[in-house]
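Be aware that the sequence shown starts at 1, since it is given in our numbering, and climbs by one per residue.
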Amino acid sequence: MNKTIIGSETVTVHKKRRDLTRWYFIMPCLLFMLYFAIVPTIYVIQMSFMKYQVLMPDIPPRFAGLRNFIRVMSSPEFYNSLRVSFWLSITGPIVQAIAGLGLAILLNTIARGRRIIMTIMLIPMLVAPAIGAFIFKTLYDYQWGPLNYILRIIGIGRIRWVSDPDLALFSLWLFHFWVATPFMMVLMAAGLSSLPQEIYESAALQSRSGWQTFIHITLPLMKPYIILALILKFIDSFQGFADAYIITKGGPGTSTESVPFLTFRMTLVGFDVTSASALSIIQLIIILAVVFTFIRTIGIKTGQQKANV
Numbered sequence: 001m002n003k004t005i006i007g008s009e010t011v012t013v014h015k016k017r018r019d020l021t022r023w024y025f026i027m028p029c030l031l032f033m034l035y036f037a038i039v040p041t042i043y044v045i046q047m048s049f050m051k052y053q054v055l056m057p058d059i060p061p062r063f064a065g066l067r068n069f070i071r072v073m074s075s076p077e078f079y080n081s082l083r084v085s086f087w088l089s090i091t092g093p094i095v096q097a098i099a100g101l102g103l104a105i106l107l108n109t110i111a112r113g114r115r116i117i118m119t120i121m122l123i124p125m126l127v128a129p130a131i132g133a134f135i136f137k138t139l140y141d142y143q144w145g146p147l148n149y150i151l152r153i154i155g156i157g158r159i160r161w162v163s164d165p166d167l168a169l170f171s172l173w174l175f176h177f178w179v180a181t182p183f184m185m186v187l188m189a190a191g192l193s194s195l196p197q198e199i200y201e202s203a204a205l206q207s208r209s210g211w212q213t214f215i216h217i218t219l220p221l222m223k224p225y226i227i228l229a230l231i232l233k234f235i236d237s238f239q240g241f242a243d244a245y246i247i248t249k250g251g252p253g254t255s256t257e258s259v260p261f262l263t264f265r266m267t268l269v270g271f272d273v274t275s276a277s278a279l280s281i282i283q284l285i286i287i288l289a290v291v292f293t294f295i296r297t298i299g300i301k302t303g304q305q306k307a308n309v
């Protein structure tokens with residue numbers, strides 16, 4: 001009896017030591033991440049409520065209340081940047097998810113050469129975003145770009161891809177589509193491979209058409225993967241900066257100036273650090289609000305569907 005008690009106590013002690021050892025290994029990395037995530041955020045929040053001029057460092061910062069937020073939200077540039085960011089981060093992920101799901105389903109029907117085709121299609125995702133942006137900047141060049149060269153050969157003529165205010169945003173959208181669609185395809189392919197095949201066998205016995213199977217079986221089962229893909233790409237697109245800076249420089253004018261680009265211009269061009277900090281906080285609130293609303297809405301609908309079942 002005593003040996004059993006001593007043995008259980010020894011196991012408990014070893015288990016506690018093992019758990020503590022895990023924390024010893026995790027803690028340095030965790031503290032490092034928390035420091036570089038929390039401290040800058042606190043600093044930005046503090047600066048958003050202050051009045052400070054970078055070009056006059058001798059003047060100490062003063063509390064300004066909500067003046068920086070009011071100044072940002074009363075600017076027409078802010079609403080233009082919101083329009084650009086929402087257009088890229090809403091229409092882009094939706095079309096990318098549709099294309100990614102279609103490509104994933106198409107790859108599932110290919111027996112030979114599937115890995116080779118998938119590897120080739122993953123190249124845009126493997127290229128560094130800055131390198132990809134430089135590639136598209138070269139493609140869009142009005143005078144020497146390959147796209148205009150091909151269009152001129154077939155008789156259409158040159159197109160001002162990035163110098164036309166009505167076309168520059170769509171040109172940037174095409175770059176996002178090229179970069180993000182392979183990611184969507186991989187995520188959708190992983191989701192399709194995890195679906196139970198018994199359901200499809202049952203659908204085949206019921207003589208369901210391919211379209212009926214897709215609408216009533218594949219699409220509902222793929223819903224979690226589609227939601228995850230849309231959320232991830234919304235956040236990524238809303239925070240995008242490097243591609244617009246390289247391809248269009250936010251122009252012509254402000255036609256492709258997103259919220260991150262406006263923040264950059266306020267900080268490093270106008271040296272208005274406090275207003276840029278306020279804009280960063282507004283951007284964070286918008287992203288959190290959209291993601292939370294989306295997850296909550298989908299969660300309510302999923303709960304109602306389970307209740308109906």
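Just so you know, even glycine gets a beta-carbon here, dropped at the ideal spot from N, CA and C.
241 is the residue among 254, 271, 241 and 246 whose C-alpha sits nearest the C-alpha of residue 260.
For residue 227, the enclosing alpha helix (DSSP H) begins and ends at 223-238. Taken through DSSP and simplified to helix, strand or coil, residue 241 comes out as coil. Of all C-beta pairs linking the segment 265-282 to the segment 55-69, three or more are shorter than 8 angstroms, placing the two stretches in contact.
Runs of the alpha helix (DSSP H) spanning 4 or more residues and lying entirely within the segment 36-109 occur at 67-73, 76-86 and 92-108, in chain order. Closest in C-alpha terms to residue 267, from the list 165, 140 and 47, comes 47. When DSSP states are grouped into helix, strand and coil, residue 275 belongs to the helix group. Rounded to whole angstroms, the gap between the alpha carbons of residue 120 and residue 184 is 15 angstroms. Burial is judged here by how many other beta carbons sit within 10 angstroms of a residue's own beta carbon; residue 157 has fewer than 16 and is exposed. The beta carbon of residue 246 sits closer than 7 angstroms to the beta carbons of 130, 133, 134 and 137 from its chain, once the five residues preceding and following it are set aside; these are given in chain order.
Taking residue 80 as reference, the option from 254, 104 and 272 with the minimal CA-CA separation is 254.
In the structure shown, residue 138 adopts helical secondary structure according to DSSP, grouped into three states. The segment 103-117 and the segment 286-296 do not touch, with fewer than 3 CB-CB distances between them shorter than 8 angstroms. Just so you know, the alpha carbons of residue 220 and residue 264 end up roughly 41 angstroms apart.
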